[in-house]
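Right, one structure below, let's go through it.
Chains as they are written, first to last, in this note's numbering: chain A, 5 to 169; chain B, 5 to 169.
So this is what it looks like as structure tokens:
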């Protein structure tokens with residue numbers, strides 16, 4: 005495992021990254037209940053990647069350091085009539101390798117994502133974060149995010165009982 | 005203005021609906037600061053509508069009653085790797101004509117949107133609502149939404165100072 009991280013690269017994910025991303029998603033107290041990091045991976049992961057990759061308004065971004073995927077987030081760009089017709093960016097699925105948390109890598113990933121959202125002409129970047137993640141909330145506030153809204157979730161038919169949304 | 009509403013129709017918006025939708029968006033204490041409901045409309049509204057309409061993962065939905073547009077919301081369907089590869093639905097830009105609030109129309113619009121999100125195979129429906137809208141929060145809770153997350157917003161370069169995200 006790289007330590008210190010010298011030259012992280014921020015790039016669009018490829019299909020080959022999917023198992024490494026799933027490892028990151030599963031390595032988390034909430035994520036462990038939701039994901040299945042096993043060999044072979046459930047094909048539903050590859051199907052979801054194909055849908056993301058085919059959509060010009062979705063970008064799955066990874067951080068690579070010393071040849072390993074050590075961070076991930078997904079950007080979605082959405083056109084709205086609100087704010088006189090405008091684009092927003094949404095971030096979901098943020099993870100940093102547990103061995104590299106508090107290393108500054110998450111901040112650099114977000115700075116990259118903020119620049120990308122500006123480049124796409126978005127006037128607002130938004131995300132929701134579980135109220136059970138106080139450290140994450142403080143991190144986002146340190147980047148300038150304001151917790152002005154309630155993030156409300158409604159499980160639908162496809163939602164297993166075991167999953168907390 | 006129709007009262008009572010007898011046969012509301014829920015349907016995808018067309019370009020002809022845009023001025024009527026902007027009227028709804030502007031007729032709101034927060035929306036009034038952000039929108040410009042004037043003739044002619046700023047072309048940015050039509051540009052945003054074209055982007056929404058061209059995207060198979062975005063659906064702008066209106067409620068029509070007695071020939072008038074009296075409600076609107078936007079659904080976005082997003083594929084994610086999380087939850088073993090899954091789709092979520094996001095709702096934004098919800099408005100019901102001020103003369104028809106508390107009439108049950110908002111509930112019917114949401115029931116329609118929930119059914120549509122199920123039809124698209126989504127496991128979760130999510131939205132953020134301004135903490136300054138306590139009535140809206142209670143309404144969403146009555147539909148089963150849980151305020152489990154903080155809704156965090158970061159204004160970007162294109163955001164006029166006057167706008168609260």
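Idealized CB from N, CA, C, for every residue including glycine.
Since the structure is predicted, the reported quantities are computational estimates derived from the model, not experimental observations.
Chain-order list of residues whose beta-carbon lies under 7 Å from that of residue i (same chain, five-residue window excluded)
i                     : result
residue 126 (chain B) : 81, 91, 92 and 93
residue 77 (chain A)  : 65, 95, 97, 98, 113 and 117
residue 57 (chain A)  : none
residue 27 (chain A)  : 41
Cβ pair residue i, residue j closer than 8 Å
i                     : j                     : result
residue 102 (chain A) : residue 31 (chain A)  : yes
residue 152 (chain B) : residue 135 (chain A) : yes
residue 128 (chain A) : residue 29 (chain B)  : no
residue 67 (chain B)  : residue 149 (chain B) : no
residue 85 (chain A)  : residue 143 (chain B) : no
residue 105 (chain B) : residue 39 (chain A)  : no
residue 121 (chain B) : residue 147 (chain B) : no
residue 59 (chain A)  : residue 61 (chain B)  : yes
residue 119 (chain B) : residue 83 (chain A)  : no
residue 11 (chain B)  : residue 157 (chain A) : no
residue 35 (chain B)  : residue 75 (chain B)  : no
residue 137 (chain A) : residue 63 (chain A)  : no
Residue i Cβ short of 7 Å to the ligand MG heavy atom set
i                    : result
residue 29 (chain B) : Only the bare structure without any ligand can be found here, which leaves the ligand MG out of the picture.
Three-state secondary structure (DSSP) of residue i
i                     : result
residue 28 (chain A)  : helix
residue 159 (chain A) : strand
residue 61 (chain A)  : coil
residue 40 (chain B)  : coil
residue 169 (chain B) : For residue 169 (chain B), the pLDDT reaches just 43, beneath the cut-off of 50, and the residue's location in the model is therefore unreliable, leaving the point undetermined.
residue 15 (chain B)  : strand
residue 22 (chain B)  : helix
Cutoff 6 Å; reference residue i; Cβ partners in own chain excluding five residues on either side
i                     : result
residue 132 (chain A) : 155
residue 73 (chain B)  : 21, 24 and 66
residue 100 (chain B) : 75, 109 and 110
residue 18 (chain A)  : none
Sequence-distant residues of the same chain with beta carbon closer than 8 Å to residue i, five excluded per side
i                     : result
residue 141 (chain B) : 133, 135 and 151
residue 45 (chain A)  : 22, 23 and 26
residue 124 (chain A) : 81, 91 and 93
Chain B contacts made by the stretch 10-22 of chain A, where a contact means CB separation under 8 Å | Answer in chain order: 22.
At 4 residues or longer, and completely inside the stretch 66-152 of chain A: list those alpha helix (DSSP H) runs for me, N to C.
-> 109-123 and 138-146
Could you please tell me which residues of the stretch 67-87 of chain B, in chain order, have their CB closer than 9 Å to any CB of chain A?
-> 76, 78, 80, 82, 83, 84, 85, 86 and 87
With 8 Å as the C-beta to C-beta threshold (strictly closer), list the residues of the stretch 53-68 of chain B near chain A in chain order.
-> Per Cβ criterion, the list reads 53, 55, 56, 59, 61, 62 and 64.
Listed from N- to C-terminal order along the chain, which residues in the stretch 34-52 of chain A have their beta-carbon within a distance smaller than 7 Å of any beta-carbon of chain B?
-> Within the stretch 34-52 of chain A, the residues whose Cβ lies closer than 7 Å to some Cβ of chain B are 38, 39, 40, 46, 48, 49, 51 and 52, listed in chain order.
Between the stretch 141-163 of chain A and chain B, which residues of the former have CB atoms less than 9 Å from a CB of the latter, in chain order?
-> 141, 144, 145, 147, 148, 149, 150, 151, 152, 153, 154, 155, 156, 157, 158, 159, 160, 161, 162 and 163
Output, in sequence order along the chain, the residues in the stretch 103-114 of chain A whose CB is closer than 7 Å to any CB in chain B.
-> none
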